[in-house]
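There are 2 protein chains.
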Amino acid sequence: MKENMPKSPTKGGVQSVEVGMVLLKALAASGGHASLNELAETVGMHPAKVHRYLVSLVQSGFVERTAHGRYDLGPYVLEFSTAYLSRLDPTTIANSMIEDMWARTKEGVILTVWGSSGTTVIRWFQSRRPISVGIRPGTTFSTLMSASGRVFLAHLTQELTRPIVEQELKALEKSSDPRAPKSWQEVEAISEETRNQGLGQVAGHSVEGVSALAAPIFDYRGELVLTLALFGFKSSFDISRDGANAKLLTDTASEISKQLGYLPGTH
Amino acid sequence: MKENMPKSPTKGGVQSVEVGMVLLKALAASGGHASLNELAETVGMHPAKVHRYLVSLVQSGFVERTAHGRYDLGPYVLEFSTAYLSRLDPTTIANSMIEDMWARTKEGVILTVWGSSGTTVIRWFQSRRPISVGIRPGTTFSTLMSASGRVFLAHLTQELTRPIVEQELKALEKSSDPRAPKSWQEVEAISEETRNQGLGQVAGHSVEGVSALAAPIFDYRGELVLTLALFGFKSSFDISRDGANAKLLTDTASEISKQLGYLPGTH
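So the protein sequences, as listed, match chains A and B. In this text, residue positions in the first sequence follow numbering that gives the first Met the number 0: the first is 0, and each later residue adds one. In this text, residue positions in the second sequence follow numbering that gives the first Met the number 0: the first is 0, and each later residue adds one.
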């Protein structure tokens, strides 16, 4: 931390503000309950000087003095943090990151949300290959037979997905497609497999001849807010779990989740 | 906001730090994308002076300059906010708030978590009435027949609760208690009723002659982390949904959730 302490302010800036923010970061990193002397040690400043800064940080509500003269982040930080996290917009963040992913693949990219009619396309980046599928924003996909739908099936509550899944099961009753699930037991097997794999996967199920992989995007509450899918010709699309498509997709989806404040492993 | 601008620093403080924090708060309140002039207007300072502060706040990572010369909270805020929220300890926060609730009631208070054996007591505040129940930290309650258990049943995933509930259903098979559920259908009815009421409620079910109400405590991710229960003699305990016990319990549980960063209505 010492090397972070500004010796002189950034050109055109205010040095005291920079010192104050370094102290705030040191407090955040301390995990709470740092003493004045520990903080002074960490930032390499005299305790009396650190104390003056803390007085003003306490005044702002960003810091509080706890029992036994220790310091922690203060009451305003809760409001600040929740307000900040709740205004992060998944779609905006995803859009800006998907451009980069799209540039690195020849396949098509689809972003979906869970709408009132189930899996709903909100963004579609056309494939660089001459593949034509009738997809546009607003198109809905099958929950059971599309890669994106399967991700929602696997991560949303049954309460949310049940009405749509029931309709689909009814519609699939007479289907001759051997891949179509016919019972809730089969639906649950698909859900569990998708959850275990971390990816939804279909080989030509939803649209004949089109294969797809889809990954979940979670927000800071650990809730599934979007799914990101790659799709291409069944004959040329690498659908394997350890292939380049799966890696590109997983890396991008994880990075978007991270930017939404998702902490993996805490959910 | 103007009235918040410090004219002189807090005694023994550093004025620039206080000004910097007022600017940071103004940015947080703006919802992002404030222009320099808008910010200067909000805090009642000359734009050139505001600019100097922003230079240093940008340097710290708390602020960033976005497109078209606008300002928003910066890249470090995500790390700062998620780290802060994830280190809020539900048990510590609940303990400090329950003391106050306990002082305002004659009933007993119980704090439970969902442990590997189901609903598990972690804190027990004895009743001021001469009621004696064999409860201590580590005691587990029925998921189906206790107020606390019903709250977990209503808010946790079926995946989590199912193994315990299956055991309990088996044990209740031969029960002559007409209140004991005998099927998954009855279990789901209890779960739904508890969710709709916002409170778990039992009148002498779990421990004969003891009635209880329990409320959920959620964290910033909207996850149920604790349940808080009030319990007392069946003959004297007010179990009604709009009674004083229900209100005291709901108010306390909501306040603890709020301090854990829970934003009602977003989940």
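Heads up, the beta-carbon is just placed ideally off N, CA and C, and yes, glycines get one too. Just so you know, these numbers come straight off a predicted model, no measurement behind them.
Handout entry: Complete runs of the alpha helix (DSSP H) confined to the region 138-178 of chain B [at least 4 residues]
Key = Counting only runs of 4+ residues, the alpha helix (DSSP H) found wholly inside the region 138-178 of chain B occupies 146-154 and 157-171, in chain order.
Problem - chain A contact residues for Thr91 of chain B, given Cβ-Cβ distances below 9 Å - result: By 1-based counting over the second sequence, the position of residue 91 of chain B is 92. Those do not exist, as Thr91 of chain B stays about 10 Å from chain A at its closest Cβ, beyond 9 Å.
Practice task
For Ile216 of chain A, write down the residues that DSSP places opposite it in a beta bridge.
Solution key: As a first step, residue 216 of chain A must be located in the first sequence, where it is residue number 217. Answer is A:Leu225.
Practice task
Step through the CB atoms of chain A and report whether any lies within less than 8 Å of the CB of Gln200 of chain B.
Solution key: Residue mapping note: residue 200 of chain B aligns to position 201 of the second sequence, counting from 1. Interface residue (Cβ-Cβ distance to chain A less than 8 Å): Gln200 of chain B is not classified as such.
Problem - Min CB distance Phe232 of chain B to chain A below 8 Å - result: The residue given as residue 232 of chain B occupies position 233 in the second sequence. No - not a single Cβ of chain A is within 8 Å of the one on Phe232 of chain B.
Handout entry: Helix, strand or coil at Glu17 of chain A [DSSP, three-state]
Key = Taking the first residue of the first sequence as position 1, residue 17 of chain A is located at position 18. Helix.
Exercise for the section: Mind checking the region 210-231 of chain A against chain B and listing, in chain order, the residues whose C-beta falls within less than 8 Å of any C-beta there? Expected result: Those would be Tyr219, Arg220, Gly221 and Glu222, in chain order.
Practice task
Determine the DSSP secondary structure at Ile121 of chain A, reduced to helix, strand or coil.
Solution key: Locating residue 121 of chain A in the first sequence gives position 122, counting from the first residue. Taken through DSSP and simplified to helix, strand or coil, Ile121 of chain A comes out as strand.
Problem - Cβ of Lys1 of chain B within 8 Å of any chain A Cβ - result: As a position in the second sequence, residue 1 of chain B is number 2, starting the count at 1. Summary for Lys1 of chain B: the model assigns pLDDT 49, below 50, so the residue's position carries little reliability; its value from the coordinates is reported in the next sentence. Not closer than 8 Å to any Cβ of chain A, the Cβ of Lys1 of chain B fails to qualify, so no.
Handout entry: C-alpha distance - Ser85 of chain A paired with Ala66 of chain B, whole-angstrom precision
Key = Stepping through the first sequence from its first residue, residue 85 of chain A is reached at position 86. Stepping through the second sequence from its first residue, residue 66 of chain B is reached at position 67. One C-alpha to the other measures close to 21 Å.
Problem - Distance cut-off 7 Å: Thr249 of chain A Cβ against heavy atoms of the ligand ATP - result: Looking at this structure, you won't find the ligand ATP or any other ligand, since it has none at all.
Exercise for the section: Tell me, please, whether the CB atom of Glu192 of chain B is closer than 8 Å to any CB atom in chain A? Expected result: Residue 192 of chain B sits at position 193 when you count from the first residue of the second sequence. Taking CB atoms only, Glu192 of chain B has no neighbour in chain A less than 8 Å away.
Exercise for the section: Indicate whether Glu196 of chain A and Ile238 of chain A have their beta-carbon atoms separated by less than 8 Å. Expected result: As a working mapping, residue 196 of chain A is identified with position 197 in the first sequence. As a working mapping, residue 238 of chain A is identified with position 239 in the first sequence. Here the sequence assigns Gln to residue 196 of chain A, which means Glu is not the residue at that position. Result no, Cβ atoms of Gln196 of chain A and Ile238 of chain A do not sit closer than 8 Å.
Exercise for the section: Quick one: grab the DSSP three-state call for Gln251 of chain A. Expected result: To locate residue 251 of chain A, count along the first sequence from 1; it is residue 252. The sequence given here places Thr at residue 251 of chain A; Gln does not occur at that position. Three-state result, Thr251 of chain A: helix.
Exercise for the section: With a 10 Å radius around its C-beta and 16 neighbouring C-beta atoms as the bar for buried, classify Pro180 of chain A as buried or exposed. Expected result: Position 181 of the first sequence, counted from the start, is the residue given in the question as residue 180 of chain A. So Pro180 of chain A ends up on the buried side.
Problem - Range covered by the beta strand (DSSP E) that runs through Ile109 of chain A - result: Numbered from its first residue, the first sequence carries residue 109 of chain A at position 110. Gly107 to Gly114 is the extent of the beta strand (DSSP E) around Ile109 of chain A.
Problem - Tyr70 of chain B beta carbon less than 8 Å from that of Ser59 of chain B - result: Translated into positions along the second sequence, residue 59 of chain B becomes position 60. Translated into positions along the second sequence, residue 70 of chain B becomes position 71. Tyr70 of chain B is positioned such that its CB atom lies no closer than 8 Å to that of Ser59 of chain B.
Practice task
Specify the secondary structure class of Gly43 of chain A as computed by DSSP and reduced to three states.
Solution key: Translated into positions along the first sequence, residue 43 of chain A becomes position 44. The three-state secondary structure of Gly43 of chain A, taken from DSSP, is coil.
Practice task
Would you kindly check if the distance between the Cβ of Thr226 of chain B and the Cβ of Ala213 of chain B is under 8 Å?
Solution key: On the second sequence, position 214 is the one that residue 213 of chain B refers to. On the second sequence, position 227 is the one that residue 226 of chain B refers to. Yes. Within cutoff.
Exercise for the section: Report yes or no: is there a C-beta of chain A within less than 8 Å of the C-beta of Phe61 of chain B? Expected result: Residue mapping note: residue 61 of chain B aligns to position 62 of the second sequence, counting from 1. Cβ-Cβ to chain A under 8 Å: yes for Phe61 of chain B.
Handout entry: Coil, strand or helix - Asp71 of chain B by DSSP
Key = Counting from one through the second sequence, the residue named residue 71 of chain B turns up at place 72. The answer is strand: DSSP assigns Asp71 of chain B an E or B state.
Exercise for the section: Classify Ser29 of chain A as helix, strand or coil using the three-state DSSP reduction. Expected result: In the first sequence, counting from the first residue as 1, residue 29 of chain A sits at position 30. In the displayed model, Ser29 of chain A falls within a helix according to three-state DSSP.
Problem - Nearest candidate by alpha-carbon position, reference Tyr52 of chain A, set B:Trp101, B:Thr9 and B:Arg240 - result: Within the first sequence, the letter at position 53 stands for residue 52 of chain A. Scanning B:Trp101, B:Thr9 and B:Arg240 for the CA closest to the CA of Tyr52 of chain A turns up B:Thr9.
Practice task
Determine which residues of the region 38-56 of chain B have a Cβ less than 8 Å from any Cβ of chain A, and write them out in chain order.
Solution key: Cβ contacts with chain A come from His50, Arg51, Tyr52, Val54, Ser55 and Leu56.
Problem - Contact residues within the region 78-104 of chain A, judged by C-beta distance below 7 Å to chain B - result: Cβ proximity to chain B below 7 Å picks out Phe79, Ser80, Thr81, Ala82, Tyr83, Leu84, Ser85 and Arg86 from the region 78-104 of chain A.
Exercise for the section: Give a yes or no on whether the minimum CB-CB distance between Gly269 of chain B and chain A is below 8 Å. Expected result: A question about residue 269 of chain B goes unanswered here, because the residues of chain B that appear run from 0 up to 266.
Practice task
Provide the residue span of the alpha helix (DSSP H) that contains Glu207 of chain A, from first to last.
Solution key: Along the first sequence, read from residue 1 onward, the residue named residue 207 of chain A stands at position 208. First-last for Glu207 of chain A: undefined, no H or E at that position.
Practice task
Check the Cβ of Gly12 of chain A against every Cβ in chain B and list those closer than 9 Å, keeping chain order.
Solution key: Counting from one through the first sequence, the residue named residue 12 of chain A turns up at place 13. Residues of chain B with a Cβ closer than 9 Å to the Cβ of Gly12 of chain A are, in chain order, Arg51, Tyr52, Leu53, Val54, Ser55, Leu56, Val57 and Gln58.
Exercise for the section: Please check the pair Glu158 of chain A and Asn244 of chain A, which I expect to be a contact at CB under 8 Å, by giving their CB distance rounded to whole angstroms. Expected result: Walking along the first sequence from the start, residue 158 of chain A turns up at place 159. Walking along the first sequence from the start, residue 244 of chain A turns up at place 245. That belief does not hold up - the Cβ atoms of Glu158 of chain A and Asn244 of chain A are roughly 32 Å apart, past 8 Å.
Handout entry: For Arg51 of chain A, three-class secondary structure by DSSP
Key = Walking along the first sequence from the start, residue 51 of chain A turns up at place 52. In the three-state reduction of the DSSP assignment, Arg51 of chain A falls in the helix class, which pools H, G and I.
Practice task
Report all residues from its chain with a CB closer than 6 Å to the CB of Gly208 of chain B; omit the five preceding and five following residues, and keep chain order.
Solution key: For this step, residue 208 of chain B is matched to residue 209 along the second sequence. Counting only Cβ-Cβ distances below 6 Å, and skipping sequence neighbours, we find Lys233.
Handout entry: Buried versus exposed, by CB contacts within 10 Å (16 or more), Trp101 of chain B
Key = Stepping through the second sequence from its first residue, residue 101 of chain B is reached at position 102. It counts as buried.
Practice task
For Gln258 of chain B, go through chain A and note every residue whose CB falls closer than 8 Å to its CB, in chain order.
Solution key: Position 259 of the second sequence, counted from the start, is the residue given in the question as residue 258 of chain B. Going along chain A in sequence order, the residues near Gln258 of chain B (Cβ under 8 Å) are Leu77.
Practice task
Taking only the alpha-carbon atoms, compute the straight-line gap between Arg122 of chain A and Phe236 of chain A and give it to the nearest angstrom.
Solution key: Counted from its first residue, the first sequence places residue 122 of chain A at position 123. Counted from its first residue, the first sequence places residue 236 of chain A at position 237. Cα to Cα, the separation comes out at about 20 Å.
Handout entry: Val186 of chain B: contacting residues in chain A (beta-carbon distance under 8 Å)
Key = Locating residue 186 of chain B in the second sequence gives position 187, counting from the first residue. What Val186 of chain B touches in chain A: nothing, since even the nearest Cβ is about 14 Å away.
Exercise for the section: Alpha carbon to alpha carbon, how far is Ala82 of chain A from Leu35 of chain B? Give it in angstroms, no decimals. Expected result: Position 36 of the second sequence holds residue 35 of chain B. Position 83 of the first sequence holds residue 82 of chain A. Using only the alpha carbons, I get a separation of about 21 Å.
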